[in-house]
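Notes follow the structure.
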Ligand SMILES: Cc1cc2nc3c(=O)[nH]c(=O)nc-3n(C[C@H](O)[C@H](O)[C@H](O)COP(=O)(O)OP(=O)(O)OC[C@H]3O[C@@H](n4cnc5c(N)ncnc54)[C@H](O)[C@@H]3O)c2cc1C
């Protein structure tokens, strides 16, 4: 194959080659050129970055065990980098399970299925559908990996549904000593309980067996209503719908209310990301903020009238197609889960604060419900919860806004989402988790030298 270069490209290449040969005659520079090139890592929102010494993706279990045994410094497992908090950054080894993917086995009687831990959630729906199964519930995006999602008790909405971690029936964990532990409710039960929400602090999860259900279709219905009326109807909305949530439009009186319910009706035609109701809605609000944020009264009149512009058709499709949204606008996020009964009061206080102080924000507040579980570090341990999240566009400063809202969550004994931004440390967190010590004990036994820690984990777990 012949390669055609323009005169400019030729000159540029000749220049680079000349410069490199001059540098390599200098011994210090020659060493630098030979040194491995560090590749920076950053999370989805861009707020977390690091420059790991090594970025490795073992090809199988033997190689994973070797890497864990031989890596000289700290190790952090990474999924798809969709956590907002600093769970992943390390200057040691960043370990990806991108070669541990796909459906490994399934059981039609128990409706359980085992996946490689690095499987992106977006690939699980079709694989499960092919064997007649589906996940019980899903979050509002499916870009996460399965291991990443369970490590932070990632959740969707629905009073009758737990987070992904609640549906883990078994998992395989590779420890700091290189042991491969098979864990479920009868084998290594203490480790199993802790590892279902581990923040990557116990070792590297290599396989996960999920308790599923038979495949199903969902109907999505969306409408705009007054936030206060939706709050008054919370009991009815959550009782009459399998999945209900709302996106509260700040600086307005309205919210987008959404329900998902099982149906046997045929699927509606697929729609593109641009047509997708939630994105259309967010784009409209973003534009309004750009032009009228300096005129609060005009802004609220326009926002209140926006409901006349938005039009939402019901969508029907396979469950995994309906749960997941496409998020085209980047943001940072803080989310706390408060006891379910405090949800409305907590949300009202946040809305009042934003309005009274005219806090600059335009991303809607997300308001969801999650069922209690029994996992030591799950945000939902021992209590039915209401999860409330505030967001800020990734180019706008989130620190002041989140700092103003966060004390309201504390007032209602909120537990911060492990994968989202917050300022709590171990001292505050242990008071919120009755089974805190159970997790700590398992961590101490499995990783006495803190191979799987980084600065953020040391702070939130209170260990060095
Ligand atoms: C646009 C967007 C939407 C979101 N929506 C939701 C939502 O609806 N509900 C919700 O609850 N959260 C939501 N989140 C948060 C997100 O689900 C969590 O932060 C999740 O943990 C990210 O998964 P990940 O695969 O990107 O993992 P990462 O962020 O890469 O890692 C998360 C944690 O998992 C650990 N980990 C990863 N792989 C392994 C492994 N193999 N073994 C051991 N530990 C491992 C990491 O060390 C880290 O501690 C959202 C985030 C974004 C950016």
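In this note's numbering, the protein residues as written are 793 to 1256. For every residue, glycine included, the Cβ atom is placed at its ideal position computed from N, Cα and C.
Can residue 994 and residue 1227 be called in contact, C-beta distance under 7 Å?
To locate residue 994, count along the chain shown from 1; it is residue 202. To locate residue 1227, count along the chain shown from 1; it is residue 435. Taking 7 Å as the Cβ cut-off, residue 994 and residue 1227 do not qualify as a contacting pair.
Does the count of Cβ pairs from the region 1090 to 1100 and the region 1124 to 1132 closer than 8 Å reach three?
no
CA-to-CA distance, residue 1225 to residue 1005, given in whole angstroms
The sequence position of residue 1005 within the chain shown is 213, counting from 1. The sequence position of residue 1225 within the chain shown is 433, counting from 1. So the two alpha carbons sit approximately 30 Å from each other.
Using the C-alpha atoms, what's the distance from residue 1013 back to residue 1107?
Residue mapping note: residue 1107 aligns to position 315 of the chain shown, counting from 1. Residue mapping note: residue 1013 aligns to position 221 of the chain shown, counting from 1. Answer to the nearest angstrom: the Cα atoms are 7 Å apart.
Buried or exposed for residue 1241, please, with buried defined as at least 16 other CB atoms from any protein chain shown within 10 angstroms of its CB.
Counting from 1 along the chain shown, the entry for residue 1241 is found at position 449. Classification of residue 1241: exposed, given that the 10 Å Cβ count is below 16.
What are the start and end residues of the beta strand (DSSP E) that includes residue 904?
For the purposes of this step, residue 904 is identified with residue 112 of the chain shown, where counting begins at 1. Where residue 904 is concerned, the enclosing beta strand (DSSP E) stretches over 904 to 908.
Complete runs of the alpha helix (DSSP H) confined to the region 911 to 958 [at least 4 residues]:
916 to 922, 938 to 943
Rank 970, 1254, 891 by C-alpha distance to the C-alpha of residue 909 and give the top, closest one.
As a working mapping, residue 909 is identified with position 117 in the chain shown. Among 970, 1254, 891, the Cα nearest to that of residue 909 is on 891.
Do residue 1183 and ligand 1 come close, with the Cβ less than 6 Å from some heavy atom?
Here residue 1183 is taken as the residue at index 391 of the chain shown, counted from 1. Residue 1183 Cβ: outside cutoff for every heavy atom of ligand 1.
Residues in its own chain within less than 7 Å of residue 1154 by CB, not counting five upstream and five downstream?
As a working note, residue 1154 is residue 362 in the chain shown. Within the same chain, residue 1154 has close Cβ partners 1042, 1077, 1078, 1081.
Can you list the beta strand (DSSP E) stretches of 3 or more residues lying completely in the region 829 to 908, in chain order?
846 to 848, 867 to 870, 885 to 888, 895 to 899, 904 to 908
Which word fits residue 1248, buried or exposed, when buried means at least 16 other C-beta atoms lie within 10 angstroms of its C-beta?
In the chain shown, the residue the question calls residue 1248 occupies position 456. Buried is the call here.
Helix, strand or coil for residue 793? Go by DSSP, reduced to three states.
Reading the chain shown from its first residue, position 1 is the one you call residue 793. Only weak support is given to the placement of residue 793: the predicted model assigns it a pLDDT of 35, under 50, and the question is left unresolved by the model.
Does the Cβ of residue 932 lie closer than 6 Å to at least one heavy atom of ligand 1?
What you label residue 932 is simply residue 140 of the chain shown in a count that begins at 1. Yes - ligand 1 has a heavy atom lying nearer than 6 Å to the Cβ of residue 932.
Pair every Cβ in the region 922 to 942 with every Cβ in the region 864 to 880, then say whether three or more of these pairs are closer than 8 Å.
yes
Just curious, the beta strand (DSSP E) that residue 1053 is in, first and last residue?
Counting from one through the chain shown, the residue named residue 1053 turns up at place 261. 1046 to 1055 is the span of the beta strand (DSSP E), which, as asked, contains residue 1053.
Going by DSSP, what residue range makes up the alpha helix (DSSP H) through residue 1043?
Numbered from 1 along the chain shown, position 251 holds the residue referred to as residue 1043. Run containing residue 1043: none; DSSP gives neither H nor E here.
Nearest candidate by alpha-carbon position, reference residue 1087, set 1222, 950, 1113, 1152
Numbered from its first residue, the chain shown carries residue 1087 at position 295. The residue with the shortest Cα to Cα distance from residue 1087 is 1152.
Helix, strand or coil for residue 1159, going by three-state DSSP, please let me know.
The sequence position of residue 1159 within the chain shown is 367, counting from 1. In the structure shown, residue 1159 sits in a strand (DSSP, three-state: E or B).
Is residue 943 near ligand 1, going by C-beta to nearest heavy atom under 6 Å?
Translated into the one-based positions of the chain shown, residue 943 becomes position 151. Result yes, Cβ under 6 Å from ligand 1.
Just reading off the alpha helix (DSSP H) that residue 1131 is part of, what are its end residues?
Sequence index remark: in the chain shown, residue 1131 carries index 339 (1-based). Where residue 1131 is concerned, there is no enclosing alpha helix (DSSP H), although the beta strand (DSSP E) it sits in stretches over 1123 to 1131.
Is any heavy atom of ligand 1 found at a distance shorter than 6 Å from the C-beta of residue 1187?
If you number the chain shown from 1, residue 1187 lands on position 395. Flag unset: Cβ of residue 1187 not near ligand 1.
Between the Cα of residue 1109 and those of 967, 1010, 1025, spot the shortest distance and give me the residue it belongs to.
In the chain shown, residue 1109 corresponds to position 317, counting from 1. Of the listed residues, the one whose Cα sits closest to residue 1109 is 1010.
Distance, Cα to Cα, residue 988 vs residue 960?
Position 196 of the chain shown, counted from the start, is the residue given in the question as residue 988. Position 168 of the chain shown, counted from the start, is the residue given in the question as residue 960. So the two alpha carbons sit approximately 7 Å from each other.
Would the beta-carbon of residue 936 be found less than 6 Å away from any heavy atom of ligand 1?
As a first step, residue 936 must be located in the chain shown, where it is residue number 144. Checking every heavy atom of ligand 1 against the Cβ of residue 936, one is found closer than 6 Å.
Just to confirm before moving on: does the CB-CB distance between residue 992 and residue 846 stay below 7 Å?
Here residue 992 refers to the residue found at position 200 of the chain shown. Here residue 846 refers to the residue found at position 54 of the chain shown. No, Cβ-Cβ distance for residue 992 and residue 846 is not below 7 Å.
Tell me the DSSP secondary structure of residue 1171 in three-state form.
As a position in the chain shown, residue 1171 is number 379, starting the count at 1. Three-state DSSP puts residue 1171 in coil, outside helix and strand.
DSSP state of residue 1105 mapped onto helix, strand, coil
By one-based count along the chain shown, residue 1105 stands at place 313. Residue state, collapsed to three classes: coil.
Neighbourhood of residue 861 by C-beta, 7 Å cutoff - its chain only, sequence neighbours within 5 removed:
Residue numbering aside, residue 861 sits at position 69 when the chain shown is read from its first letter. 970.
Would you grab the beta carbon distance between residue 932 and residue 1117 for me? Rounded to a whole angstrom, and I think it's under 8 Å.
One-based indexing of the chain shown puts residue 932 at position 140. One-based indexing of the chain shown puts residue 1117 at position 325. With 8 Å as the limit, residue 932 and residue 1117 qualify as a contact, their Cβ atoms being about 5 Å apart.
Taking residue 1252 as part of the beta strand (DSSP E), name the residues at either end of that continuous run.
Walking along the chain shown from the start, residue 1252 turns up at place 460. Where residue 1252 is concerned, there is no enclosing beta strand (DSSP E), although the alpha helix (DSSP H) it sits in stretches over 1247 to 1253.
Would you say the beta carbon of residue 836 comes nearer than 6 Å to a heavy atom of ligand 1?
Stepping through the chain shown from its first residue, residue 836 is reached at position 44. Yes, the beta carbon of residue 836 sits closer than 6 Å to at least one heavy atom of ligand 1.
Buried or exposed by the 16-neighbour rule on C-beta atoms within 10 Å, applied to residue 1221:
In the chain shown, residue 1221 corresponds to position 429, counting from 1. Looking at its Cβ environment, which holds 16 or more other Cβ atoms inside 10 Å, residue 1221 is buried.
Since residue 1159 contacts residue 1002 with CB under 8 Å, what's their CB separation in whole angstroms?
Locating residue 1159 in the chain shown gives position 367, where the first residue counts as 1. Locating residue 1002 in the chain shown gives position 210, where the first residue counts as 1. That pair is no contact at about 27 Å.
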